[in-house]
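A.B. asks: One structure is given below, represented as structure tokens, and several questions about it will come after.
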Amino acid sequence: MAAELREALERRLRDLGIATVTAEHPQVAPAQGWESNGTRVCHRTAAVFQVFTVEEMMPHVQHMKGGHSKNLFLKDKKKKGFWLVTVLHNRQVNLNELGKKLGVGSGNLRFADENAMLEKLGVGQGCATPLALFCDQGDVRLVLDAALLEGGHEKLYFHPMTNSATMGLSPDDFLRFVRSTGHDPIVVHFDEDIK
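Residue 4 is where the sequence shown starts when you use my numbering, and the numbers rise one by one after that.
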């Protein structure tokens with residue numbers, strides 16, 4: 004399913020005239036086998052590597068200059084609304100303060116479960132991305148770190164529906180894509196608004 008969603012995303016971006024750069028996350032892993040004489044051998048092979056945290060991702064993409072993202076898929080425990088919070092990869096997010104800023108109250112934002120993310124965005128654990136908003140039917144609100152847009156980044160980087168790759172696009176193209184999905188991001192200045 005991830006491959007089909009990635010193809011659908013790439014098609015949508017092409018239809019919008021949005022140019023992207025993509026890096027697959029290679030992993031060099033030992034492969035074991037047997038020689039014909041019964042001797043066990045190891046050799047190295049390249050495989051696709053899924054990353055589930057920003058820390059796992061950064062060694063594969065640190066050569067790509069720009070704003071790398073971290074994405075949190077949250078739910079509002081009182082109203083049952085969903086939030087995708089996209090921030091710079093090294094940003095710490097205080098959910099209590101963010102909840103106050105968003106008007107849902109301190110202590111009311113929680114991480115949504117994987118089933119909800121699959122239902123709303125079509126992606127599973129480790130794959131949260133604002134590029135999945137084209138799958139949303141209007142249930143998810145996007146909260147965007149102002150530093151991604153105002154940091155002078157040539158490219159912004161996100162997972163393209165799978166955590167085995169990273170896709171970059173310009174900040175203007177990213178906003179154009181998000182708005183084409185019917186979402187208007189809530190831009191938050193985390194350094195000023197949320198301490």
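Beta carbons are placed, not taken as given, at the ideal position from N, Cα and C, and that holds for glycine.
(1) Per DSSP, what kind of secondary structure is VAL88 in: helix, strand or coil?
(2) From what residue to what residue does the alpha helix (DSSP H) around LEU16 run?
(3) Report the rounded CA-to-CA distance for HIS186 versus PHE180, giving the unit in angstroms.
(4) So, do the region 156-167 and the region 128-139 have three or more beta carbon pairs nearer to each other than 8 Å?
(5) Flag this pair as yes or no: are the beta carbons of ASN111 and GLY102 separated by less than 8 Å?
(6) If contacts are defined as beta-carbon pairs under 8 Å, then TRP149 and VAL190 qualify, I think. What distance do you get, rounded to the angstrom?
(7) Between SER183 and the rest of its own chain, which residues show a CB-CB distance below 7 Å, the 5 nearest in sequence each way excluded?
(8) Between the alpha carbons of HIS71 and PHE161, how many angstroms are there, rounded?
(9) Quick check on ASP79: buried or exposed, where buried means 16 or more other Cβ atoms within 10 Å of its Cβ?
(10) Kindly list the residues whose CB is nearer than 7 Å to the CB of PHE177, restricted to its own chain and excluding five residues on each side of it in sequence; keep chain order.
(11) Closest to HIS141 by CA distance: which of LEU147, SER173 and PHE85 is it?
(12) Since I believe MET4 is in contact with PHE76 (beta carbons under 8 Å), could you give me their beta-carbon distance rounded to a whole number of angstroms?
(13) Here's the rule: buried if 16 or more other CB atoms are within 10 angstroms of the residue's CB, otherwise exposed. What is VAL24?
(14) Could you give the first and the last residue of the continuous alpha helix (DSSP H) run that contains ALA26?
(15) Once DSSP output is grouped into helix, strand and coil, what is the label at HIS46?
(16) Assuming LEU87 contacts ASN74 under a Cβ cut-off of 8 Å, what Cβ separation, rounded to an integer in Å, is found between them?
(17) Jot down the residue ranges of each uninterrupted beta strand (DSSP E) in the region 127-159, minimum 3 residues, whole runs only, in chain order.
(18) Between which two residues does the alpha helix (DSSP H) holding SER183 run?
(19) Give me, in chain order, the residues of the same chain whose beta-carbon lies closer than 6 Å to that of ARG113; leave out the 5 immediate sequence neighbours on both sides.
C.D. replies: Taking the coordinates as given:
(1) For this step, residue 88 is matched to residue 85 along the sequence shown. Three-state result, VAL88: strand.
(2) Locating residue 16 in the sequence shown gives position 13, where the first residue counts as 1. From DSSP, the alpha helix (DSSP H) with LEU16 extends over 5-18.
(3) Counting from one through the sequence shown, the residue named residue 186 turns up at place 183. Counting from one through the sequence shown, the residue named residue 180 turns up at place 177. Distance between the alpha carbons of HIS186 and PHE180 is about 9 Å.
(4) yes
(5) For the purposes of this step, residue 111 is taken as the residue at position 108 of the sequence shown. For the purposes of this step, residue 102 is taken as the residue at position 99 of the sequence shown. A contact, by the Cβ cut-off of 8 Å.
(6) One-based indexing of the sequence shown puts residue 149 at position 146. One-based indexing of the sequence shown puts residue 190 at position 187. One detail in the question is off: residue 149 reads as Ala in this sequence, not Trp. About 5 Å; that satisfies the 8 Å criterion.
(7) As a position in the sequence shown, residue 183 is number 180, starting the count at 1. Closer than 7 Å at Cβ, skipping near neighbours: LEU19.
(8) Looking up residue 71 in the sequence shown gives position 68. Looking up residue 161 in the sequence shown gives position 158. The straight-line gap from Cα to Cα measures roughly 7 Å.
(9) Mapped onto the sequence shown, residue 79 falls at position 76. So ASP79 ends up on the buried side.
(10) Taking the first residue of the sequence shown as 1, we reach residue 177 at position 174. Excluding positions up to five away in sequence, the list reads LEU159.
(11) Here the question's residue 141 lines up with position 138 in the sequence shown. The sequence shown places Gly at residue 141, rather than the His named in the question. GLY141 has its Cα closest to that of PHE85, out of LEU147, SER173 and PHE85.
(12) Here residue 76 is taken as the residue at index 73 of the sequence shown, counted from 1. Here residue 4 is taken as the residue at index 1 of the sequence shown, counted from 1. So it is not a contact: roughly 17 Å between Cβ atoms.
(13) For the purposes of this step, residue 24 is taken as residue 21 along the sequence shown, with counting starting at 1. When all chains shown are included, VAL24 counts as exposed.
(14) Within the sequence shown, the letter at position 23 stands for residue 26. Taken as a continuous stretch (DSSP letters only), ALA26 belongs to no alpha helix (DSSP H), being part of the beta strand (DSSP E) at 24-27.
(15) Mapped onto the sequence shown, residue 46 falls at position 43. Because the pLDDT of HIS46 is 36, which lies under 50, any placement of that residue in the model is unreliable, and the number read from its coordinates should be weighed accordingly. Three-state DSSP puts HIS46 in a strand.
(16) Within the sequence shown, the letter at position 84 stands for residue 87. Within the sequence shown, the letter at position 71 stands for residue 74. That pair is a contact at about 6 Å.
(17) 143-148
(18) Along the sequence shown, read from residue 1 onward, the residue named residue 183 stands at position 180. 174-183 is the span of the alpha helix (DSSP H), which, as asked, contains SER183.
(19) For the purposes of this step, residue 113 is taken as residue 110 along the sequence shown, with counting starting at 1. Excluding sequence neighbours, ARG113 sits near LYS78 and LYS80.
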